[in-house]
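**Q** Residues 211 to 635 in the working numbering are what the sequence shown lists, from first letter to last.
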Amino acid sequence: MEAAVAAAFRAEWGRIVASLIRLTGDWDLAEECAQDAFARALERWGRDGVPDNRGAWLTTTARNRALDRLRRDKVGRTKHRLLATDPSADGPVGSNGAGPAGGSEGSDERLRLIFTCCHPALSLDAQVALTLRTLAGLSVGQIAHAFLVPEPTMAKRIVRAKAKIRNAGIPYRVPPDHLLAARTEAVMAVLYLLFNEGYGATAGSDLIRQGLCDEAIALARTLVQLMVGQPEPAGLLALMILHHARRSARIGPTGELVPLEDQDRARWDAAAIAEGAALLEGALAHRQPGPYQVQAAIAACHATAPVAGATDWAQIADLYARLATMLPTPVVQLNRAVAVAMADGPAAGLRLVDDLEAGGALAGYHLLPATRADLLRRAGRHGEAVRSYRAALALAGTDAERRYLARRLAVAEAGGHDGSDVRPA
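1) What's the C-alpha gap between A480 and A378?
2) Count the other C-beta atoms from every protein chain shown that fall within 10 angstroms of the C-beta of R460, then say buried if there are 16 or more, exposed otherwise.
3) So what does L467 bridge to, in DSSP terms?
4) Quick one: grab the DSSP three-state call for T326.
5) Do the stretch 226 to 234 and the stretch 269 to 281 make contact, defined as three or more Cβ pairs closer than 8 Å?
6) According to DSSP, simplified to helix, strand and coil, what is N263?
7) For W223, which of helix, strand or coil comes out of DSSP?
8) Does the distance from the C-beta atom of T521 to that of I483 stay below 8 Å?
9) Looking at the secondary structure, which residues open and close the alpha helix (DSSP H) in which V359 lies?
10) Near N306, which residues of its chain fall below 6 Å by C-beta distance, leaving aside the five closest residues on each side in sequence?
11) Check for me: the alpha helix (DSSP H) holding V338 runs from which residue to which?
12) Quick one: Cα of R275 to Cα of E253, how far?
13) May I ask you to verify whether the stretch 559 to 571 touches the stretch 516 to 531, counting CB pairs closer than 8 Å and requiring at least 3?
14) Rounded C-beta distance between L452 and A510? I'm assuming under 8 Å.
15) Tell whether a beta-carbon distance below 8 Å holds between T581 and L544.
16) Take Q503 as the anchor and find which of A549, S458, L433, L449 has the nearest alpha-carbon.
17) Restricting to Cα atoms, I'd like to know which of A444, D472, T464 is closest to R456.
18) Please state whether DSSP places I483 in a helix, a strand or coil.
19) Three Cβ pairs or more, each shorter than 8 Å: is that satisfied between the stretch 237 to 246 and the stretch 430 to 442?
20) DSSP on H174, reduced to helix/strand/coil?
21) I believe T269 touches R250 by the beta-carbon criterion, under 8 Å. Please report the beta-carbon distance rounded to the nearest angstrom.
22) Looking at C-alpha atoms only, which residue of C423, A371, G465 is the closest neighbour of L446?
23) Mapping the DSSP letters down to three states, classify P556 as helix, strand or coil.
24) At what residues does the alpha helix (DSSP H) containing R431 begin and finish?
25) Could you tell me the distance, in whole angstroms, from the CA atom of R370 to the CA atom of W223?
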């Protein structure tokens, strides 16, 4: 019974909360009534059996609870009466051309909620917190743990975000056509940030946070379903799936980080790789390449190579060069340096790393000295590699990364070469 309710929670939470926010205009009330519906499900489904349509049962229960609350409150009754007579409240999202026409009401509501959570008037931290709270249903404590901040801090962040939406009159809707592209980019950036924090945590004892990756992928699936025919959301989903397909091989039995080149490819999720590759192929067929599609193409080069030695590093280097024209960030340039080193030798990569270091934009970023250290080791310059490994070790944020760098440091100090990848993946 608990498993049935948990499955329904993962599938229905965002849809139910979204519909209640539109009904009540009150984010806290919507979440409270949704929680109450799931609590009642735990009680009643065990007694009466699981309903055939779990989503409809939960939505009706939550909606009735919300209406009861509104009727008991004078302000709520007024709000309910206004909502009931507002012709814009029940209009389909696609009616103004800003959303997918013909979509279900539940899908339309989730699309409204995604874009509201990621409104540019909110800070990025607030966008992330609201997305996880309202669409994924994570508790404040879970969100705080995911981003390694105290629970009271995260609670205040969420309260401020909801107040900003209320006080600034941020509309609960999909933006009009002329704002849709830019706002969709903001939504995708938030979802990818969530995935990256789960895939490679910035601090703490755990390198991979499986639950956070799963939530990001689930939300990306929702976005793809809602933004039919848009290639970049599909490219983002493909990118996440292709990376996540390697999750079982990235951490060794004692918690050590396993670099890409050394991973047991038999442990990669072949079905996920096939799904990601198919999503990417469908996105690229639109001939509107964007940065997520290019990154997914890079991930596909890795994921589809049968052995590490078969990786097409020249193609990866070319893809990173193209990505750098779309996203001219120092991190992209660092990744390009790695690919160039693998394709053309460590000296070529080191020249690019030298340029990045001279620019200063990656000061304090542990992967810059870590990359330099591995390239120096590959070039046989072990004394210099030792210094760079020590610098990287001092900056690394997770225990797994520190253990990885400590092992590489020991190899460099011994003047040896173990053939590992340039950087952990």
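Glycine is no exception: its CB is placed at the ideal position from the N, C-alpha and C atoms.
**A** Taking the structure as given:
1) 47 Å
2) buried
3) I461
4) helix
5) yes
6) coil
7) helix
8) no
9) First-last for V359: undefined, no H or E at that position.
10) Annotation note: pLDDT 32 at N306 (below 50); position unreliable, no value reported.
11) 334 to 340
12) 16 Å
13) no
14) 6 Å
15) yes
16) L449
17) D472
18) helix
19) no
20) The structure shown does not extend to residue 174, since the chain is modelled only from 211 to 635, so the question has no answer here.
21) At roughly 12 Å, the Cβ-Cβ gap does not stay under 8 Å, so T269 and R250 are not in contact.
22) C423
23) helix
24) 420 to 436
25) 22 Å
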